[in-house]
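Working notes, beginning with the structure itself.
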Amino acid sequence: MKSLLLSGFCLALLCLPAHADDEAKLDALKTEIAKLEQWLNSAKDEYSQLNDALRKSDKDIAELSKQIEQTRTRLQEEKDRLKKLRQEQGQLRQLQDKHRQHLAEQLRAAQRIGSEGPLKLLLNQDDPQQAQRMLRYFSYFNNARIDHIHHILAELERLDKLAELIAQQEQQLLATEKSLLGKNREMATRKQEQQQLLAKLAGQMKNEQQRLAQKQADRKRLEALLSEVQTLLVNSPRKEDARPITALKGKLPRPVNGRVLHAFGNRNNDSMNRWEGWVMSAPEGLPVRAIHHGRVVYSDWLRGFGLITIIDHGQGYLSLYAHNQTLLRDVGAWVNQGDSIATIGRSGGSTEPNLYFEIRYKGKPQDPAAWLKR
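Residue numbers for the sequence shown follow the working numbering, so the first one is 2 and each next one is one higher.
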């Protein structure tokens, strides 16, 4: 199957009516070049927009990464704080247990003293004043320990509340971290998609730029070819018995007996273009025949078409036969309907033997189905 580029070149060539000037003959190719330039300009705008989106994604990901790092730092600080707080709680509980143990011992001692009674205690002492001091000491020391235990209990209660608050903050930070990590994954996925789109578009732009450069080169080659073809498109009279091609519309013979692989108007490989003729399968070496009386105006190799023959039928009608194995008529030769002008081949890069056939009227492609016998 022909490439879009080569099809466009052929289109431009076949647009040439025998009597049109060079500018008119190049209109089709110029139009396609303009379309390519328009597509490239649009693609460049899209590429710029994708780059802007990618830049925003990069910045968003950087900001999210920064927030994640800050959250993790705060989370570690809260964990360290909670660990230190729990260590302090443990120390206070140990101190509380120690005070309770001492208080219990003092209470037992006081109980022993109390069971003997204050009078008996005083009578048993050699020094009554010493006994009174001991009683005051027990009372003061016990009260002090009780106050200390109450203080420890109050501090433990405060630490318990603080630990609960820190634990809540820790859970909130964990939830924040999870949310940020989820957003970060989403942004990374979006960035990857944007990079893939950029790479795909860059590849398309590269291909289209190459096609544009090739078409511009085609245009120069076509201008040179036109100057040669134009000299052959003389107003030579038709044979007296030759009927105009328009009188035989729908009755013209097929150039080759073969199956139509791609019909007029079907999409080409590239969705931008449609077939403007027929691609017909046929055995290699089979004769290709002229559909009507006319004069050969081109018979040579052309990039993308291989060996081709173009016949001018007069009144602005042209027919083209491409991908041939051999060319049997030279430029300037007159041919009649049914004459062998070439043989089926696969020249011009075609992978299978076939014939590419077109009919044009003043540059406009015609559906072969409307002209050829069924």
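Just so you know, even glycine gets a beta-carbon here, dropped at the ideal spot from N, CA and C.
For the set Thr72, Thr327, Ala371, the Cα lying nearest the Cα of Ser348 is the one of Thr327. Note: Lys374 is not bridge-paired with any residue in the DSSP secondary-structure output.
A distance below 6 Å between beta-carbons, with the five flanking residues on each side excluded, links Leu308 to the following residues of its chain, in chain order: Trp302, Asn325, Leu328, Ser348. Residue pairing for Met281: DSSP places it in a beta bridge opposite Val261, Leu356. As a beta-bridge residue in DSSP terms, Ala343 pairs with Val289, Leu328. Distance from the Cα of Arg75 is smallest, within the candidate group Ile167, Gly204, Gly350, for Ile167.
Note on geometry: alpha-carbon atoms of Asp81 and Ala54 lie some 40 Å from one another.
The straight-line gap separating the alpha-carbon atoms of Arg296 and Arg255 is approximately 18 Å. DSSP places Arg296 in the uninterrupted beta strand (DSSP E) bounded by 295–303.
Contiguous alpha helix (DSSP H) elements confined to the stretch 172–208 do not occur, taking only those with 4 or more residues. Beta-carbon to beta-carbon, Lys192 and Ser58 are separated by about 4 Å, close enough to satisfy the 8 Å threshold. Distance between Lys31 and Glu277, taken at the CA atoms: about 17 Å.
Taking all protein chains shown into account, Gly346 has 16 or more neighbouring C-beta atoms within 10 Å of its C-beta and is therefore buried.
Annotation: Thr247 is outside any beta strand (DSSP E) and is labelled neither H nor E by DSSP.
Beta-carbon to beta-carbon, Gln316 and Ile246 are separated by about 7 Å, close enough to satisfy the 8 Å threshold. A check of alpha carbon separations from Gln338 across Val257, Leu154, Ser180, Pro366 identifies Val257 as the nearest. Below 8 Å, enough C-beta pairs join the stretch 86–97 and the stretch 151–171 to call them touching: three or more.
Leaving aside the five residues that flank Leu249 on each side, the residues in its chain whose CB is nearer than 7 Å to its CB run, in chain order, His293. In this structure Val280 touches Asn355 by the C-beta definition: roughly 6 Å separates them, less than 8 Å. Contact between Thr310 and Ala343 holds, since their C-beta atoms are separated by about 5 Å, short of 8 Å. Apart from the 5 residues on each side of it in sequence, His263 sits with its Cβ closer than 6 Å to the Cβ of Trp276, Val280 in its chain, given in chain order. Distance between Glu194 and Gly266, taken at the CA atoms: about 35 Å. According to the DSSP secondary-structure assignment, Pro366 is paired through a beta bridge with Arg361. Annotated three-state conformation of Arg255 is coil, per DSSP.
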